[in-house]
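Residue numbers (the working numbering): 62 to 467.
Think of the CB as a built atom: it goes at the ideal place given N, C-alpha and C, for glycine as much as any other residue.
Just so you know, these numbers come straight off a predicted model, no measurement behind them.
In what follows, a structure is listed as structure tokens, so that the remarks can point back to it.
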Ligand code: ATP
Ligand code: MG
């Protein structure tokens, strides 16, 4: 994409009331726009990152055998009130509901999670042990009336979540899936560049089970406190479950996995086992917030000049900068060659001083930068800069293509 055509512009300052690093950098670089606290728009650059994250997460969920679907955000009151053996509609502990009314006066809730509607929907499809096990997942907008929304896109009042639900016949069958889900989550966090600072963290199971597991990424921007219990295995415990004589670390919960048991299947979601006996389906739920994941990457990997995207989630593979009028023809050629080979290129073809282009490129954070200036015209050697290390090198275009195709 030609940067001269990109409707967003970088800016020197973020909104005055913005305090979190992720939102300041992402706003300045033109990835997001703030509507109000906890409510953000994703602009073209930001949406590209979200789509990359979505692809990475989808690949892992598909590898688990998850079937992708999409449920509505408009949820029925009665499912939450009395369908299952609990009432999360009137529960005082659930203080994040956005509720609204239809014209006929009946109430409905904007989805903050989907256990109740999914369990209800599956009653028509599950009846025998032959129908199990399976899992379903979606990328879906959740609404939460969060009390404090000061952490940029780490805590949205509207946000995209990948939520997966598993349905098993026995606790043992569930445990097997749960362990595989742990590995899938580990793969995701490794792939998006935060594996080294992300810990599998034992946490409270809430009202569902004794423990759940969170994936916590070390960061001062985090709202959780954890104790690292095994550095090599990247394991930790949330402070909420014990007080340990260990150093406290701040961390961001980037994902979590829950054993739900029969909380949401009892009494309606049942199957007949081999002996013809009726049993409740054994469930688990597995969440990742895509905006929170994107914000965490920015918190962990940025430097004083801007964002430093890992290649896998960067909005573009390459940032191509042409510095002078004279070098534009050659830069155009480089752009054509790269895009014809399916590389995603942001091409800074704007009439701006070199210094401004460099500063913008550092802020936007695409991992590889190609600089084309008058010098390049004679030697045909491109100047390549690595955003993460700051290292520069000179390469012919074919060699550069080989180096990023590996
Ligand atoms: P927190 O304790 O941070 O509020 P939670 O325990 O409410 O999170 P879940 O309800 O289990 O989180 O949601 C699953 C995942 O969705 C979380 O692990 C996180 O990645 C993401 N998430 C939760 N709340 C938000 C939010 N307000 N904005 C963005 N992502 C969120
Ligand atoms: Mg919450």
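> Leaving out the 5 sequence neighbours to the left and right, which residues in its chain are closer than 7 Å to residue 155 when beta-carbon positions are compared?
Replying inline: Residue numbering aside, residue 155 sits at position 94 when the chain shown is read from its first letter. Residues 149 of the same chain have their beta carbon placed closer than 7 Å to that of residue 155, with the five preceding and five following residues left out of the count.
> Buried or exposed: which applies to residue 174, given that a residue is buried once 16 or more other Cβ atoms fall within 10 Å of its Cβ?
Replying inline: To locate residue 174, count along the chain shown from 1; it is residue 113. Result: buried.
> I think residue 302 touches residue 265, with their Cβ atoms under 8 Å apart; what is that distance to the nearest whole Å?
Replying inline: Here residue 302 refers to the residue found at position 241 of the chain shown. Here residue 265 refers to the residue found at position 204 of the chain shown. With a Cβ gap of about 5 Å, residue 302 and residue 265 count as contacting.
> For residue 255 versus residue 278, is the C-beta distance shorter than 8 Å?
Replying inline: As a position in the chain shown, residue 255 is number 194, starting the count at 1. As a position in the chain shown, residue 278 is number 217, starting the count at 1. Cβ atoms of residue 255 and residue 278: closer than 8 Å.
> Taking contact to mean at least 3 C-beta pairs separated by less than 8 Å, is the stretch 109 to 123 in contact with the stretch 133 to 145?
Replying inline: Between the stretch 109 to 123 and the stretch 133 to 145 there are fewer than three C-beta pairs closer than 8 Å, too few to call the two in contact.
> Excluding five sequence neighbours on each side, which residues of the same chain lie with their C-beta closer than 8 Å to the C-beta of residue 133?
Replying inline: Working through the chain shown from its first residue, we reach residue 133 at position 72. Excluding the 5 residues flanking it on each side, residue 133 has same chain C-beta neighbours closer than 8 Å at 172 and 178, in chain order.
> Touching or not, the stretch 187 to 204 and the stretch 301 to 318, by the rule of three or more beta carbon pairs under 8 Å?
Replying inline: No: fewer than three Cβ pairs fall under 8 Å.
> For residue 448, is the beta carbon positioned less than 7 Å from some heavy atom of the ligand ATP?
Replying inline: Walking along the chain shown from the start, residue 448 turns up at place 387. At a cut-off of 7 Å, the beta-carbon of residue 448 does not count as near the ligand ATP: no heavy atom of the ligand is closer than that.
> Got a sec? Which residues, its chain only, sit under 6 Å from residue 446 by beta carbon, not counting five neighbours each side?
Replying inline: Reading the chain shown from its first residue, position 385 is the one you call residue 446. These residues qualify, in order along the chain: 430 and 453.
> When the Cα atoms are used, what is the spatial distance from residue 384 to residue 371?
Replying inline: Working through the chain shown from its first residue, we reach residue 384 at position 323. Working through the chain shown from its first residue, we reach residue 371 at position 310. Taking the straight line from one Cα to the other gives about 25 Å.
> Is the stretch 183 to 197 close to the stretch 222 to 234, with three or more CB pairs under 8 Å?
Replying inline: In this structure the stretch 183 to 197 touches the stretch 222 to 234; the number of beta carbon pairs closer than 8 Å is three or more.
>> Threshold first: 4 residues or longer. Then list the alpha helix (DSSP H) segments lying entirely within the stretch 221 to 295, N to C.
In response: With a minimum length of 4 residues, the continuous alpha helix (DSSP H) runs that stay inside the stretch 221 to 295 are 232 to 252.
> According to DSSP, what are the bridge partners of residue 340?
Replying inline: The count along the chain shown starts at 1 and reaches residue 340 at position 279. Looking at the DSSP assignment, residue 340 forms a beta bridge with 332.
> Does the ligand ATP have a heavy atom nearer than 7 Å to the CB of residue 217?
Replying inline: Position 156 of the chain shown, counted from the first residue, corresponds to residue 217. Yes, the ligand ATP has a heavy atom inside 7 Å of this Cβ.
> Can residue 547 and residue 314 be called in contact, C-beta distance under 8 Å?
Replying inline: As displayed, the chain neither begins before 62 nor continues past 467, which places residue 547 out of reach and without an answer.
>> So, with DSSP's three-state summary, where would you put residue 216?
In response: The count along the chain shown starts at 1 and reaches residue 216 at position 155. Here residue 216 sits in coil by DSSP.
> Does the Cβ of residue 451 have 16 or more other Cβ atoms within 10 Å, making it buried, or fewer, making it exposed?
Replying inline: Numbered from its first residue, the chain shown carries residue 451 at position 390. The C-beta of residue 451 has fewer than 16 other C-beta atoms within 10 Å across all chains shown, which makes the residue exposed.
> Apart from the five residues on each side of it in sequence, which residues of its chain come closer than 6 Å, Cβ to Cβ, to residue 432?
Replying inline: Position 371 of the chain shown holds residue 432. Close CB contacts of residue 432 within its chain, under the 6 Å cut and outside five residues either way in sequence, are with 382 and 444 (chain order).
>> Just to confirm my understanding: we take residue 130, look at its own chain, exclude 5 residues before and 5 after, and list those with CB closer than 7 Å. What are they?
In response: For the purposes of this step, residue 130 is taken as the residue at position 69 of the chain shown. Same-chain partners within the cutoff: 197 and 199.
> What does DSSP give as the partner residues of residue 456 in its beta bridges?
Replying inline: Position 395 of the chain shown holds residue 456. According to DSSP, which records beta bridges pairwise, residue 456 is partnered with 443.
>> Within the continuous beta strand (DSSP E) that includes residue 204, where are the two ends?
In response: For the purposes of this step, residue 204 is taken as the residue at position 143 of the chain shown. Counting along the chain, the unbroken beta strand (DSSP E) around residue 204 starts and ends at 195 to 204.
>> Measuring only from the beta carbon, is residue 349 closer than 7 Å to any heavy atom that is part of the ligand ATP?
In response: Counting from one through the chain shown, the residue named residue 349 turns up at place 288. Checking every heavy atom of the ligand ATP against the Cβ of residue 349, one is found closer than 7 Å.
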